[in-house]
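Q:
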Amino acid sequence: MFPTSSLYTDSDPAVSPKGPMSLRAAQREALVQTLDPVVQDALNCKYGVYMSLEMEFAHHNVEFARGFVSDADYATETTVNKQRVHSTTAGLFLCGFSIPKLVRFLGGPHLGATCDVDKILQTLQPSVNPEILQELHGVFVYDAPRHCQGSSTEDNFLAFLRYGNHVSANSHPDELRKGFVKDLRRGFAIAIDKRLLPFIPDLHVTPGHCGY
1 MFPTSSLYTD SDPAVSPKGP MSLRAAQREA LVQTLDPVVQ DALNCKYGVY MSLEMEFAHH
61 NVEFARGFVS DADYATETTV NKQRVHSTTA GLFLCGFSIP KLVRFLGGPH LGATCDVDKI
121 LQTLQPSVNP EILQELHGVF VYDAPRHCQG SSTEDNFLAF LRYGNHVSAN SHPDELRKGF
181 VKDLRRGFAI AIDKRLLPFI PDLHVTPGHC GY
């Protein structure tokens with residue numbers, strides 16, 4: 001699944017992420033029984049589990065994941081680079097489980113700084129409304145739209161978590177993996193260890209699917 005409501009926080013002495021605890025014990029227990037063993041381990045995140053993850057990732061060298069600058073072969077990769085996944089996961093620890101901070105830390109193709117903004121806007125100018133062009137300029141140069149807001153209920157989050165990937169993804173795993181690797185190469189996606197799912201604030205999940 002591709003992570004895109006936080007499950008735990010410091011109100012739970014067993015873990016260290018920030019924000020109010022989202023799942024009550026009964027909900028959590030019912031939920032984890034529907035998930036694969038790796039995610040179950042993460043959702044049952046007692047202090048020892050968190051500490052073991054911290055020992056595995058928190059002191060790992062993160063430079064390998066930054067902007068891909070130290071890896072000349074990333075553009076031709078045909079499989080998920082496990083070393084980069086490990087380094088990126090370590091970077092998430094370094095950034096306090098904040099995905100926005102991680103994106104800025106990684107840099108490279110994940111940031112608009114790599115885009116030729118003037119050229120993009122010139123290309124769009126003949127066919128795009130000037131007001132939209134102005135908003136796009138703000139997105140490229142500053143950040144996401146000023147009035148962009150969103151929310152999701154806990155029930156909705158749990159429903160998508162139980163649902164998992166679309167049937168097309170399960171039927172065509174090789175095609176899904178190929179598309180994911182391409183998105184990783186282009187900086188359209190970031191791969192991290194799924195055991196960290198319970199620690200990421202404001203997390204949502206989106207089913208993966210194939211274009212069939």
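Taken in order, the sequence shown gives residues 1 to 212; the numbers are from the working numbering. Quick reminder that beta carbons are idealized off the backbone N, C-alpha and C, glycines included. All figures in this text were calculated on a predicted structure; none of them were measured in a lab.
1) Should T88 be labelled buried (16 or more other beta-carbon atoms within 10 Å of its own) or exposed?
2) Considering Cα atoms alone, identify which of A90, Q149, F105 is closest to K194.
3) Less than 8 Å between the C-beta atoms of V181 and T114, yes or no?
4) Find the nearest neighbour of H59 within the set T76, P207, H86, judged by alpha-carbon distance.
5) State the DSSP-derived secondary structure class of T76, mapped to helix, strand or coil.
6) Should I132 be labelled buried (16 or more other beta-carbon atoms within 10 Å of its own) or exposed?
7) Could you tell me which of T76, R66, G96, P198 sits nearest to R84, measuring between CA atoms?
8) What did DSSP end up calling T89 once you bin it into helix, strand or coil?
9) For the alpha helix (DSSP H) containing Y163, list its first residue and its last residue.
10) State yes or no: is the C-beta of G164 within less than 8 Å of the C-beta of F140?
11) Report the rounded CA-to-CA distance for S168 versus E175, giving the unit in angstroms.
12) Just mark A191 as buried or exposed, buried being the case when its beta carbon has 16 or more other beta carbons within 10 Å.
A: The answer reads as follows:
1) T88 should be labelled buried.
2) That would be A90, whose Cα lies nearest to the Cα of K194.
3) V181 is not a Cβ neighbour of T114, given a cutoff of 8 Å.
4) Measuring from the Cα of H59, the nearest candidate turns out to be H86.
5) Note: T76 maps to helix in three-state DSSP.
6) Exposed, since its Cβ has fewer than 16 Cβ neighbours within 10 Å.
7) Between R84 and the set T76, R66, G96, P198, the nearest pair of CA atoms involves R66.
8) The answer is helix: DSSP assigns T89 an H, G or I state.
9) Its alpha helix (DSSP H) spans residues 154-163.
10) In this structure, F140 does not lie closer than 8 Å to G164 by Cβ.
11) Looking at the two C-alpha atoms, the distance is approximately 10 Å.
12) Buried, because 16 or more other Cβ atoms sit within 10 Å of the Cβ of A191.
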